[in-house]
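Asker: What the sequence shown shows, in the numbering used here, is residues 27 to 264, in sequence order. The beta-carbon is built from N, C-alpha and C at its ideal position, and this holds for glycine as well. One structure, pasted below without further comment.
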Amino acid sequence: MLKLSYDLHIHSCLSPCGDKDMTPGNIAGMAAVKELNVTALTDHNTCRNCPSFLKQAESYGILAIPGMELCTREEVHVLCLFEELEGALEFDDFVYRHLFKIKNKEEIFGEQLLINEEDEVWGKEEYLLINAADIGFDEVYGLVRSYGGIMIPAHIDKSSTSLLSNLGFIPPDSSFTCAEIKEEGKVGEIKEKHPYLNRCRIIHNSDAHYLEHINEPVHFLQVEEMNRKEILKALITP
């Protein structure tokens, strides 16, 4: 078995709240400096900086997972991680078609920078990516799975934009088997209040919007092999 350090919730400069220095190349470089083995790029409602991220991460010897932090109709944030880049980009197209289109106001929300595989800015996204998509939380599991991915409710201990803050409960017919909790000290309390989580793997990520906030190698996954298929398998195995 391999013991791999991870940080699976990181935003690039395509997220309007992401720092301009959060280019895919800089993220991969910082992950290498911090000696992380596995990282995921999870911008708000988009995967379009993932091609650059996968290329940059490969050059540093880091296993990169293409992903997205989806904002559902209920404004619940969900991490969506994919085995293949092709599936991630197809999911990106689907989400973009269902995104409520509001023009981004850079002076308020920040720029949304598209980065090519040479880690250079090639354009900007005009519509606000932190807006909700017309996709219900109850649709996400099957939808993401159809594109070869897994869903992980994000920062469920957060007081806003989380499953527990916005819905107030975990739907009993849910199918997810992995959840993200930001504060490790809250795990026991949250599991006691929501027994559904006892069937889930709990992970902890940085939700980094700045390079210095990317996690140190303090959280680990045990996998059979170092590839995306095995990482996703480990994440959904309680």
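Whole angstroms are fine: how far does the CA of Ile-262 sit from the CA of Val-59?
Answerer: Taking the straight line from one Cα to the other gives about 28 Å.
Asker: Could I get the ranges of all uninterrupted alpha helix (DSSP H) runs contained in the segment 179-247, with 4 residues as the minimum, in chain order?
Answerer: With a minimum length of 4 residues, the continuous alpha helix (DSSP H) runs that stay inside the segment 179-247 are 189-192 and 213-219.
Asker: Can you find at least 3 beta carbon pairs, one from the segment 200-216 and one from the segment 119-126, that sit closer than 8 Å?
Answerer: No contact exists between the segment 200-216 and the segment 119-126.
Asker: DSSP puts Glu-95 in a beta bridge; with which residues?
Answerer: His-70 and Leu-105.
Asker: Please list, in chain order, all residues of the same chain as Leu-115 whose beta carbon is under 7 Å from its beta carbon, the five residues on each side excluded.
Answerer: Within the same chain, Leu-115 has close Cβ partners Cys-73.
Asker: Kindly give me the distance between the Cβ atoms of Glu-38 and Glu-61, rounded to whole angstroms, as I take these residues to be in contact under 8 Å.
Answerer: Checking the sequence, you will find Ser at residue 38 rather than Glu. No, Ser-38 and Glu-61 are not in contact; Cβ-Cβ is about 21 Å, not under 8 Å.
Asker: Mind checking whether Tyr-167 and Phe-108 have CB atoms under 8 Å apart?
Answerer: Cβ atoms of Tyr-167 and Phe-108: not closer than 8 Å.
Asker: Could you check how far apart the C-beta atoms of His-35 and Asn-231 are, in whole angstroms? I think they sit under 8 Å.
Answerer: His-35 to Asn-231, Cβ: 3 Å. Contact.
Asker: Kindly list the residues whose CB is nearer than 7 Å to the CB of Cys-106, restricted to its own chain and excluding five residues on each side of it in sequence; keep chain order.
Answerer: Cβ within range, chain order: Gly-93, Met-94, Leu-96, Phe-117, Val-170, Gly-175 and Met-177.
Asker: State yes or no: is the C-beta of Thr-98 within less than 8 Å of the C-beta of Phe-163?
Answerer: Yes, the pair counts as a contact, with Cβ atoms nearer than the cut-off.
Asker: May I have the straight-line CA-CA distance separating Lys-131 from Leu-154, to the nearest angstrom?
Answerer: So the two alpha carbons sit approximately 8 Å from each other.
Asker: DSSP has Leu-28 in a bridge; who is on the other side?
Answerer: BP columns for Leu-28 point to Val-249.
Asker: Within 10 Å of its beta-carbon, does Asp-33 have 16 or more other beta-carbons around it, so buried, or fewer, so exposed?
Answerer: Buried, because 16 or more other Cβ atoms sit within 10 Å of the Cβ of Asp-33.
Asker: With a threshold of 7 Å (Cβ to nearest heavy atom), would Ile-161 be considered close to the ligand ZN?
Answerer: The ligand ZN is not part of this structure, which contains no ligands at all.
Asker: With DSSP run on the structure shown, which of helix, strand or coil describes Ala-90?
Answerer: Looking at Ala-90 - three-state DSSP - the assignment turns out to be strand.
Asker: Is DSSP giving Lys-255 helix, strand or coil here?
Answerer: Note: Lys-255 maps to helix in three-state DSSP.
Asker: Leaving out the 5 sequence neighbours to the left and right, which residues in its chain are closer than 6 Å to Glu-100 when beta-carbon positions are compared?
Answerer: Here the set comprises Phe-163 and Asn-192.
Asker: Counting along the chain, where does the alpha helix (DSSP H) carrying Ile-53 start and finish?
Answerer: Ile-53 -> alpha helix (DSSP H) spans 50-59.
Asker: Helix, strand or coil for Ile-141 per DSSP?
Answerer: DSSP places Ile-141 in strand when its eight states are reduced to three.
Asker: With contact counted as at least three CB pairs below 8 Å, one residue from each stretch, are the segment 48-56 and the segment 233-248 in contact?
Answerer: Yes, since at least three Cβ pairs between the segment 48-56 and the segment 233-248 fall closer than 8 Å, the two stretches touch.
Asker: With H, G and I counted as helix, E and B as strand and the rest as coil, what does DSSP make of Lys-127?
Answerer: In the structure shown, Lys-127 sits in coil (DSSP, three-state: anything other than H, G, I, E or B).
Asker: Would you mind giving the Cβ-Cβ distance between Val-64 and Leu-80, rounded to the nearest angstrom? I have them listed as a contact below 8 Å.
Answerer: Val-64 to Leu-80, Cβ: 12 Å. No contact.
Asker: Are the segment 138-152 and the segment 216-230 touching, with three or more C-beta to C-beta distances below 8 Å?
Answerer: No contact exists between the segment 138-152 and the segment 216-230.
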